[in-house]
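Single-structure report; data block below.
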Amino acid sequence: MNPKTNSKTNAKHKPKRRALKILVTIIAVLILAGVIANKQWTKSGTNDWKLAVEQDGVVVHTLKTPGSFVLKMKATKRMKTNLGALVSVMQDVEAMCTHGCYDAKIISREGPHQLSTFTRFDFPFPLKDREWVLYNHFSQDAGTKEITYKIKAVPDLVEENKGYVRITHFNNKWRFTPVNSSEVEVEWYVDMDHGGYMVNLFHNMAIPDAMRNSLLEIEQMLQDDKYQSAKYDFVAEAVDEN
Numbered sequence: 004m005n006p007k008t009n010s011k012t013n014a015k016h017k018p019k020r021r022a023l024k025i026l027v028t029i030i031a032v033l034i035l036a037g038v039i040a041n042k043q044w045t046k047s048g049t050n051d052w053k054l055a056v057e058q059d060g061v062v063v064h065t066l067k068t069p070g071s072f073v074l075k076m077k078a079t080k081r082m083k084t085n086l087g088a089l090v091s092v093m094q095d096v097e098a099m100c101t102h103g104c105y106d107a108k109i110i111s112r113e114g115p116h117q118l119s120t121f122t123r124f125d126f127p128f129p130l131k132d133r134e135w136v137l138y139n140h141f142s143q144d145a146g147t148k149e150i151t152y153k154i155k156a157v158p159d160l161v162e163e164n165k166g167y168v169r170i171t172h173f174n175n176k177w178r179f180t181p182v183n184s185s186e187v188e189v190e191w192y193v194d195m196d197h198g199g200y201m202v203n204l205f206h207n208m209a210i211p212d213a214m215r216n217s218l219l220e221i222e223q224m225l226q227d228d229k230y231q232s233a234k235y236d237f238v239a240e241a242v243d244e245n
């Protein structure tokens, strides 16, 4: 081989190798910076509620707990409705299945105020779809008439399905506090982990607005007569004082 030809070939490849080294270095630095930022974010937090969204009568706050990457959230809105309607719409798992939700169904009922449900959520490739297996429980304070609706993960209730991520941390809560016979203060607390850095990052960024949209959609759903006329033995409606 001609030494001059070989020298010219090596010279041509040097800029490409140099560019590749620079690219690899940049990627390594970005990954390291991401790891450091993630650790710092996880350690941070004041356990104080901070305003995130205030629009259309919906107020959303977020809370950062030290040691947790995922934000806790709460949203409130006053709605013109009754307690039975709210319980009815919450138990209509198919109607409540929106925004990427599918295969929503009731697995079992342990009475009118207790049920176990199954839901799947679609996530874009390469992320796997998520599965929620949840225990739902409604209770009412006899004095204030306030209803508490608790939802927690019961991941082992049914066998896991291949190709999905089964959610193991889900501890959400709703409170329906009657203002009078036709108005209810609705509070929604979210404490959950979607199982994965990218999905939880999306949760922190997008869920406050999603909660606002969901409450507005629920408010519209509640206008349906089938919800407004719903009655439950365990629900006592508020009565206006004369």
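Heads up, the sequence shown is in our numbering, so the first residue is 4 and it goes up one at a time.
Every residue, glycine too, gets a C-beta built ideally from N, C-alpha and C.
Check	Outcome
State the start and end residues of the unbroken alpha helix (DSSP H) segment that holds V193.	Counting along the chain, V193 falls outside any alpha helix (DSSP H), though it belongs to the beta strand (DSSP E) covering 186-193.
Kindly indicate which residue of V63, M82, H197, D228 has the alpha-carbon position closest to the one of V182.	M82
Buried or exposed: Q226, going by 16 or more other Cβ atoms within 10 Å of its Cβ?	exposed
Mapping DSSP to helix, strand and coil, what is E57?	strand
Sort Q143, T79, F141, Y167 by Cα distance to T122 and report the nearest one.	Y167
By alpha-carbon positions, which one of L204, V238, D243, F179 ends up nearest to T151?	F179
Could you tell me whether the Cβ atoms of N139 and Q94 are closer together than 9 Å?	yes
Start and end of the alpha helix (DSSP H) containing S91?	86-94
Looking at N207 and T120, is the spacing between their C-beta atoms short of 9 Å?	no
What do you get for P211, buried or exposed, if any count of 16 or more other CB atoms within 10 angstroms of its CB means buried?	buried
Do you know offhand how far G37's Cα is from A98's?	For G37, the predicted model reports a pLDDT of 49, less than 50, meaning its position is unreliable and no value from the coordinates is stated.
Would R133 and H172 qualify as a contact pair, given that the criterion is a beta-carbon distance under 9 Å?	no
So the beta strand (DSSP E) K80 belongs to, where does it begin and stop?	75-82
When burial is assigned at 16 or more other CB atoms within 10 Å of the CB, is L218 buried or exposed?	buried
Helix, strand or coil: which one does DSSP assign to S217?	helix
Assign P69 to one of three DSSP states: helix, strand, or coil.	coil
Whole angstroms are fine: how far does the CA of R215 sit from the CA of Y230?	21 Å
In the DSSP assignment, what residue or residues form a beta bridge with I170?	None; I170 has no bridge partner.
In whole angstroms, give me the CA-to-CA distance for F72 and I170.	16 Å
Bridge partners for L137 per DSSP, in chain order?	T120, A156
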